[in-house]
Amino acid sequence: RRQGLLLNMALSRGLKCCQRIFSWIPVVIISCVVLWSYYAYVFELCFFTLRNTLEKVAYLLVFHVCFIMFCWTYWKAIFTPPSTPTKKFQLSYSDKERYEMEERPDVQKQILIDIAKKLPIFTRAQSGAIRFCDHCQLIKPDRCHHCSVCETCILKMDHHCPWVNNCVGFSNYKFFLLFLSYSILYCVFISSTVFQYFLKFWVEELPNSHAKFHVLFLLFVALMFFVSLTFLFGYHCWLVAKNRSTLEAFSAPVFQNGPDRDGFNVGFRRNLLQVFGEDKKLWLFPVFTSQGDGHYFPLRTLSESRNPLLASEERWGEDGGSDEDSTGDMSIESQKF
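Per the UniProt record's numbering: the sequence shown = residues 1 to 337.
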């Protein structure tokens with residue numbers, strides 16, 4: 001029996017290891033395509049095909065700016081760890097023991113309500129109960145969801161993206177948007193500069209060399225990625241304007257008064273600032289500037305932003321005590337929207 005248990009554990013670890021390896025395949029594919037595009041554009045087009053020195057320098061300069069920004073944002077989207085809830089949302093040992101020992105669902109529900117009284121939680125499960133993750137043993141903050149791939153709860157989770165092998169959420173959503181935008185810019189620049197040489201190769205105005213095939217495929221690949229990325233980027237721009245995540249677009253968050261897709265929609269300008277921050281000079285750079293800490297988000301109406309679970313008007317604070325000033329700030333923020 002013990003040998004069977006050890007064998008099952010070894011198989012489980014082996015499967016997880018294989019899963020981690022295979023999860024990097026989409027990233028490797030994208031990286032190979034990008035590296036090939038760099039070679040095709042810089043060497044086959046600029047060095048071996050272009051004859052005008054000024055045109056060659058201009059193309060190389062702009063191309064490398066687009067290439068660097070694309071790689072930078074892609075790197076940040078891949079390797080920025082997704083934010084997870086703080087220990088404030090985890091059950092204490094005594095609460096966890098009390099919750100697990102209780103078999104009555106109504107009493108379990110009340111236990112979670114009592115624990116959540118001093119937490120900034122306004123959303124509910126579809127049943128109206130406090131959202132609780134059995135796997136992570138924590139009360140989920142608003143807009144937080146459990147990712148089965150990452151095996152943890154992610155703050156303001158949008159989706160798990162295989163192309164970056166990472167969860168897109170509060171910590172890297174800005175990086176993901178910039179990655180999409182610079183990818184589109186990269187494709188547009190390549191397509192617009194390669195097109196005339198594509199035509200010349202096609203009508204055989206240029207020598208029939210190996211550069212011809214690189215230039216032809218470069219245009220097709222750039223246009224293909226441009227079309228697909230434009231639709232995805234447009235969809236996420238709409239989500240930012242409405243202050244929704246992909247998960248919230250498919251399933252509206254539930255508040256005390258019921259489901260509301262616009263519960264976090266506080267106006268286009270404020271929605272934009274939540275993702276990109278106040279400093280507009282940093283909007284186009286992959287540095288973290290998003291507002292807040294991912295645990296609390298301003299709500300559309302003042303009545304909704306007053307947590308019905310709070311026994312008093314004290315709001316959750318990092319020190320675990322009262323924070324009346326923060327409550328006042330929260331109310332003022334809500335009235336602005």
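Beta carbons are placed, not taken as given, at the ideal position from N, Cα and C, and that holds for glycine. Here the structure is a predicted model, which is why all the values come from computation and not from measurement.
Problem - Exposure of Val254, with buried meaning 16 or more beta-carbon neighbours within 10 Å - result: buried
Exercise for the section: Would you mind reading off the limits of the beta strand (DSSP E) that contains Val168? Expected result: Asn166 to Val168
Practice task
Please state whether DSSP places Val149 in a helix, a strand or coil.
Solution key: coil
Exercise for the section: Could you have a look at Gly258 and say whether DSSP puts it in helix, strand or coil? Expected result: strand
Problem - Neighbour-count burial assignment, His295, 16 or more Cβ in a 10 Å radius - result: buried
Exercise for the section: Could you spell out where the beta strand (DSSP E) holding Cys161 opens and where it closes? Expected result: His159 to Cys161
Problem - C-beta atoms of Leu185 and His236 nearer than 8 Å - result: no
Practice task
Would you mind giving the Cβ-Cβ distance between Asn166 and Ala77, rounded to the nearest angstrom? I have them listed as a contact below 8 Å.
Solution key: 7 Å
Handout entry: Leu54 versus Leu199 - alpha carbon distance
Key = 21 Å
Handout entry: Gly169, buried or exposed, once every other Cβ within 10 Å from all chains shown has been counted against 16
Key = buried
Handout entry: Span separating the alpha-carbon of Asp260 from that of Leu138
Key = 24 Å
Practice task
May I have the straight-line CA-CA distance separating Leu45 from Arg300, to the nearest angstrom?
Solution key: 52 Å
Practice task
Measure the alpha-carbon distance for Ser334 versus Val57 and round it to whole angstroms.
Solution key: Here Ser334 scores only 37 on pLDDT, less than 50, and its place in the model should not be relied on; the value that follows carries that caveat. If I take the Cα positions, the gap works out to 52 Å.
Exercise for the section: Ignore the nearest five residues each way along the sequence and tell me which others in Ser171's own chain have a CB closer than 6 Å to its CB. Expected result: Thr80, Pro82 and Ser83
Problem - Host alpha helix (DSSP H) of Tyr296 (start-end) - result: Where Tyr296 is concerned, there is no enclosing alpha helix (DSSP H), given that its DSSP letter is neither H nor E.
Practice task
Check whether the segment 11–25 touches the segment 33–45, counting contact only when three or more Cβ pairs, one atom from each stretch, lie closer than 8 Å.
Solution key: no
Practice task
Report the option in Gln126, Arg20 and Thr193 whose CA atom is closest to the CA atom of Val62.
Solution key: Thr193
Exercise for the section: Quick one: grab the DSSP three-state call for residue 423. Expected result: This structure gives no information on residue 423, because the portion of the chain shown stretches from 1 to 337.
Handout entry: Where the alpha helix (DSSP H) through residue 338 begins and ends
Key = Not covered by the structure: residue 338. The range shown for the chain is 1 to 337.
Problem - Glu102 vs Ile115 beta-carbon contact at 8 Å - result: no
Practice task
Flag this pair as touching only if the segment 270–280 and the segment 238–247 have three or more C-beta atom pairs under 8 Å; answer yes or no.
Solution key: yes
Handout entry: As assigned by DSSP and simplified to three states, the class of Gln137
Key = coil
Handout entry: Within the segment 30–86, ranges of the beta strand (DSSP E) (whole runs, at least 3 residues)
Key = none
Practice task
Going by CA-CA distance only, name the one from Phe22, Tyr59, Arg244 and Ser94 that's closest to Phe268.
Solution key: Arg244
Exercise for the section: With a threshold of 16 other CB atoms inside 10 Å of the CB of Phe220, please say whether the residue is buried or exposed. Expected result: exposed
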